[in-house]
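Under the UniProt record's numbering, think of the first position of the sequence shown as 1, with each following residue one higher.
We put the beta carbon where it would ideally sit given N, CA and C, even for glycine.
These figures come from a predicted structure and were not determined experimentally.
Note sheet for the following structure.
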Amino acid sequence: MLEVKRAKLLGHQYEVTKDGQQLPELVLKRGRIEAEFSLDGTGYRVRRHRFSGVYELLAENDEVLASTDRVRRQWSLHAAGGDIQFRAASLTGREYSMLAPGGGTAGTIRREGMAGAGATADLPGLATEIQVFAVAAVLLSWRRKRTAAAARGAASG
Numbered sequence: 001m002l003e004v005k006r007a008k009l010l011g012h013q014y015e016v017t018k019d020g021q022q023l024p025e026l027v028l029k030r031g032r033i034e035a036e037f038s039l040d041g042t043g044y045r046v047r048r049h050r051f052s053g054v055y056e057l058l059a060e061n062d063e064v065l066a067s068t069d070r071v072r073r074q075w076s077l078h079a080a081g082g083d084i085q086f087r088a089a090s091l092t093g094r095e096y097s098m099l100a101p102g103g104g105t106a107g108t109i110r111r112e113g114m115a116g117a118g119a120t121a122d123l124p125g126l127a128t129e130i131q132v133f134a135v136a137a138v139l140l141s142w143r144r145k146r147t148a149a150a151a152r153g154a155a156s157g
């Protein structure tokens with residue numbers, strides 16, 4: 001199980017643990033479109049394309065290792081192992097189910113706490129960097145939606 005928790009109340013750094021073992025932190029950067037993390041001395045970057053909404057996991061040499069469709073109620077993660085389908089498991093968008101090939105639930109990504117305080121992910125069969133990427137894409141998506149809602153609220157009154 002992967003657990004991602006905000007390190008500081010108003011910060012953009014997230015502490016990452018996998019099965020109780022501390023991993024390097026995940027840092028959300030550049031507005032709502034980028035994140036960085038490292039595993040075993042290898043740096044990774046997550047970026048979002050502004051207009052398409054596609055997220056990509058990039059290696060240090062900018063090679064694309066994985067990508068997602070736009071994170072919506074249903075979306076896909078594309079990696080070397082194949083395509084993985086996700087579907088919102090709740091109307092509020094606080095949880096996504098990773099679908100098994102037969103259509104059942106194989107794993108989950110769930111928001112924990114208020115206002116992007118963190119998330120937990122149980123994504124069996126995926127490499128750790130792909131799991132962190134999936135959670136980062138969802139965190140960035142949630143953050144983008146919160147910011148857009150705040151802007152709409154400020155504009156209306």
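Asked, Found
"Range covered by the beta strand (DSSP E) that runs through D19", "It is not in any beta strand (DSSP E) - D19 carries neither H nor E in the DSSP assignment."
"Own chain, CB closer than 8 Å to L39, minus 5 neighbours either side, in chain order", "L23, P24, T128, E129 and V132"
"Pair within 8 Å by beta-carbon distance, V54 and S141", "no"
"Buried versus exposed call for R111 [16 or more other C-beta atoms within 10 Å across all chains shown]", "buried"
"Straight-line gap, L9 to L28 (C-alpha atoms, nearest Å)", "14 Å"
"Proximity of P67 and H78 at Cβ, strictly below 8 Å", "As written in the sequence, residue 67 is Ser, which differs from the Pro given in the question. Result yes, Cβ atoms of S67 and H78 sit closer than 8 Å."
"Three-way DSSP call (helix, strand, coil) for A137 in this model", "helix"
"Residue ranges of each beta strand (DSSP E) within the segment 42-107, 3 or longer", "42-48, 55-58, 64-68, 74-79, 82-88 and 95-99"
"Rounded C-alpha distance that separates K18 from D122", "10 Å"
"Helix, strand or coil at I33 according to DSSP, with G and I counted as helix", "coil"
"Candidates V4, M1, E36 and A134: closest to D83 by CA position", "A134"
"Beta-carbon spacing of S35, A136 below 8 Å", "With the sequence shown as reference, residue 35 is identified as Ala, and Ser is not the correct amino acid for it. Cβ distance < 8 Å, so A35 and A136 count as in contact."
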